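*Asks:* With this note's numbering, the residue at position 318 of the sequence shown is 319, and numbering never jumps.
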Amino acid sequence: MINEILNQDKNSVWIMYNSENCDPYFSKFITNKTIVPALCILSNNNKFLIAHALDVENLHDFKGEVLTYDGENSLIQTMTEILHKLKYPQVIYLNYSDKLDSQTDVLGYGTYRFITDNIIADYKQRNIKLPDFKSADAFIYKLLDSKTDEDIFYLRLAANRALEILNVAFKKIKIGMTEKQILNLIHNISGFKSKSLRRYNIIKENFSWEKELCPIVLIGPNLKKGGHSKAGNQMLQPGHTVYVDFGIQIHLKDGRKYSSDLQRMGYALKSKEFSAPPEIKKVFSTLYEAIDIGIKNCKPGVKGYEIDKLVRDHITKKGYPNYNHATGHPVGENAHSPGTSMSPKGHKRSGLPLQENGVYTIEPRIQIKNGGSIEEMVRVTPNGGITLCERQKNLYLIRY
Numbered sequence: 002m003i004n005e006i007l008n009q010d011k012n013s014v015w016i017m018y019n020s021e022n023c024d025p026y027f028s029k030f031i032t033n034k035t036i037v038p039a040l041c042i043l044s045n046n047n048k049f050l051i052a053h054a055l056d057v058e059n060l061h062d063f064k065g066e067v068l069t070y071d072g073e074n075s076l077i078q079t080m081t082e083i084l085h086k087l088k089y090p091q092v093i094y095l096n097y098s099d100k101l102d103s104q105t106d107v108l109g110y111g112t113y114r115f116i117t118d119n120i121i122a123d124y125k126q127r128n129i130k131l132p133d134f135k136s137a138d139a140f141i142y143k144l145l146d147s148k149t150d151e152d153i154f155y156l157r158l159a160a161n162r163a164l165e166i167l168n169v170a171f172k173k174i175k176i177g178m179t180e181k182q183i184l185n186l187i188h189n190i191s192g193f194k195s196k197s198l199r200r201y202n203i204i205k206e207n208f209s210w211e212k213e214l215c216p217i218v219l220i221g222p223n224l225k226k227g228g229h230s231k232a233g234n235q236m237l238q239p240g241h242t243v244y245v246d247f248g249i250q251i252h253l254k255d256g257r258k259y260s261s262d263l264q265r266m267g268y269a270l271k272s273k274e275f276s277a278p279p280e281i282k283k284v285f286s287t288l289y290e291a292i293d294i295g296i297k298n299c300k301p302g303v304k305g306y307e308i309d310k311l312v313r314d315h316i317t318k319k320g321y322p323n324y325n326h327a328t329g330h331p332v333g334e335n336a337h338s339p340g341t342s343m344s345p346k347g348h349k350r351s352g353l354p355l356q357e358n359g360v361y362t363i364e365p366r367i368q369i370k371n372g373g374s375i376e377e378m379v380r381v382t383p384n385g386g387i388t389l390c391e392r393q394k395n396l397y398l399i400r401y
């Protein structure tokens, strides 16, 4: 995959720097077996790994050329020798972000200056045209967004585990419970680890984000709040909607991890009610229809802002206010992973295309009192999206 990316620009290289595993993408795509500062140079035909003599014995599995440096043969000197061998590339990609993405902005300003200043000095000394330094954001997004079949398998397990917990929780939620009590209920249910996951080399499961915010629980009047609000003392009363935003992260023996991110919505029945009233049914059906539109259009190459507009427009055309967050985001190791953002046009990552076999959420919101939100995890295919677990097709009904 890395070679395919760099083949688009044959006069370029991607330089990655790592020390004490400070760069997670170096550790993920190159090697996690270096401790002392190391540097990898990737071109369309070659992979060079410059490692300290202390670490080199651990790198026999690296598929490329390993060069050793020590006190007499410095890291930078070896780097400039490789750039000479590659005929002084004119585009050099580095692991910083030009899209204000903290997850890919990993190089650090000091390290950026250390690398670029030395390259510039070497090019000037040899009267070579100075290179353009560019962000490797797009490379990282492409590598992370597109999942293998095995990745999809484990993401599906994580999604179904979260849904299993939510299904149990909505059967136990009672009128009179507060948002905090519902959060604690879900924490207690999550404490009973899934026996079915053990057969898949899963050694641990935990929450997809901070425990005090996982799940996010909002009831009735609080549905007007932003989607990241902490559970409070709002009590569930008859006639209230309630929504839960929740995810489980599973850990494999080999160190890999996969997250899920789902939202489910319920309604507390009033006395003598057997189903939700028309205004609540309309909220739910509008959300379902908007997600359906998004799923059908989740195809490779479609831009993030295109999905966002289709989904968002359906909400507003039904007479509801615009919501104040992205329609969707990538899911992978973390619930919010780097990559294409399904946000309005103009957002720095909304112009990126969806990747085939990428997994993204679709999560529109009706941000009113007694509104709601539903979130599904969707795999991108040429024929449209496929959800990773069973969709919510009906409201959870909470009875006396």
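In this text, a Cβ means the ideal position worked out from N, Cα and C, and glycines have one as well.
Everything numeric in this text was worked out from a predicted model, so none of it was measured.
What are the start and end residues of the beta strand (DSSP E) that includes S13?
*Replies:* Here the beta strand (DSSP E) through S13 covers S13 to N19.
*Asks:* Kindly indicate the opening and closing residues of the beta strand (DSSP E) around Q264.
*Replies:* Looking at the DSSP string, the run of the beta strand (DSSP E) that includes Q264 is L263 to A269.
*Asks:* Can you tell me the Cβ-Cβ gap for S13 and Y142, rounded? I've got them flagged as a contact below 8 angstroms.
*Replies:* About 17 angstroms; that fails the 8 angstroms criterion.
*Asks:* Give me the Cα-Cα distance between K226 and Y361, rounded to the nearest whole angstrom.
*Replies:* Cα to Cα, the separation comes out at about 23 angstroms.
*Asks:* Apart from the five residues on each side of it in sequence, which residues of its chain come closer than 7 angstroms, Cβ to Cβ, to L167?
*Replies:* Taken in chain order, the residues that qualify are V245, F247, L263 and R265.
*Asks:* How close, in whole Å, do the beta carbons of S230 and L219 come, if the pair is a contact with beta carbons under 8 angstroms?
*Replies:* At roughly 6 angstroms, the Cβ-Cβ gap stays under 8 angstroms, so S230 and L219 are in contact.
*Asks:* Using only the alpha-carbon positions, how far apart do P132 and K64 sit?
*Replies:* Each residue's alpha carbon lies about 27 angstroms from the other.
*Asks:* Nearest CA to the CA of M80: which residue from W15, D102 and E21?
*Replies:* Ranking the options by Cα distance to M80, first place goes to W15.
*Asks:* For L331, collect the residues of the same chain with a Cβ closer than 6 angstroms to its Cβ; drop the 5 residues on either side in sequence, then sort them by chain order.
*Replies:* For clarity, residue 331 is Pro in the given sequence; the question names Leu instead. These residues qualify, in order along the chain: D146, S338, G340 and Y361.
*Asks:* Under the three-state reduction of DSSP, which class applies to E280: helix, strand or coil?
*Replies:* The answer is helix: DSSP assigns E280 an H, G or I state.
*Asks:* How close, in whole Å, do the beta carbons of I308 and G320 come, if the pair is a contact with beta carbons under 8 angstroms?
*Replies:* That pair is no contact at about 22 angstroms.
*Asks:* Report yes or no: do the segment 144 to 164 and the segment 345 to 359 share at least 3 C-beta pairs separated by less than 8 angstroms?
*Replies:* The segment 144 to 164, when compared against the segment 345 to 359, does touch it at the 8 angstroms Cβ threshold.
*Asks:* So which of Y401, A291 and F49 has the shortest CA-CA distance to E274?
*Replies:* When only C-alpha atoms are compared, the closest one is Y401.
*Asks:* Are the CB atoms of M236 and G192 within a distance shorter than 8 angstroms?
*Replies:* Their beta carbons are not under 8 angstroms apart, which means G192 does not touch M236 by this criterion.
*Asks:* Decide yes or no for the touch test of the segment 280 to 297 against the segment 311 to 327: beta carbon pairs closer than 8 angstroms, at least 3 of them.
*Replies:* Counting Cβ pairs under 8 angstroms, three or more are found: they touch.
*Asks:* Along the chain, where does the alpha helix (DSSP H) that runs through D309 open and close?
*Replies:* It spans G305 to K318 - the alpha helix (DSSP H) in which D309 sits, taken as one unbroken run.
*Asks:* Who are D246's beta bridge partners in DSSP?
*Replies:* I217 and Q264.
*Asks:* What beta strand (DSSP E) runs, 3 residues minimum, are completely inside the segment 163 to 220?
*Replies:* You should have 203 to 208 and 217 to 220.
*Asks:* Once the 5 residues before and after A327 are set aside, which same chain residues still bring their CB inside 6 angstroms of it?
*Replies:* Only S342, M343 and S344 meet the Cβ criterion.
*Asks:* How would you call S44, buried or exposed, if buried means at least 16 neighbouring beta carbons within 10 angstroms?
*Replies:* Buried: at least 16 other Cβ atoms inside 10 Å.
*Asks:* Given this structure, state the Cα-to-Cα distance separating P90 from L311, to the nearest angstrom.
*Replies:* P90 and L311: Cα-Cα distance of roughly 42 angstroms.
*Asks:* Between I292 and chain B, is there a C-beta pair that is closer than 8 angstroms?
*Replies:* No chain B appears in the structure shown, which is made up of a single protein chain.
*Asks:* For Y124 and D118, I'd like the C-alpha separation in whole angstroms.
*Replies:* Straight-line Cα distance between these residues: approximately 10 angstroms.
*Asks:* Apply the 10 Å Cβ neighbour rule to Y110 and answer buried if 16 or more other Cβ atoms are within range, or exposed otherwise.
*Replies:* By the 10 Å Cβ count, Y110 comes out exposed.
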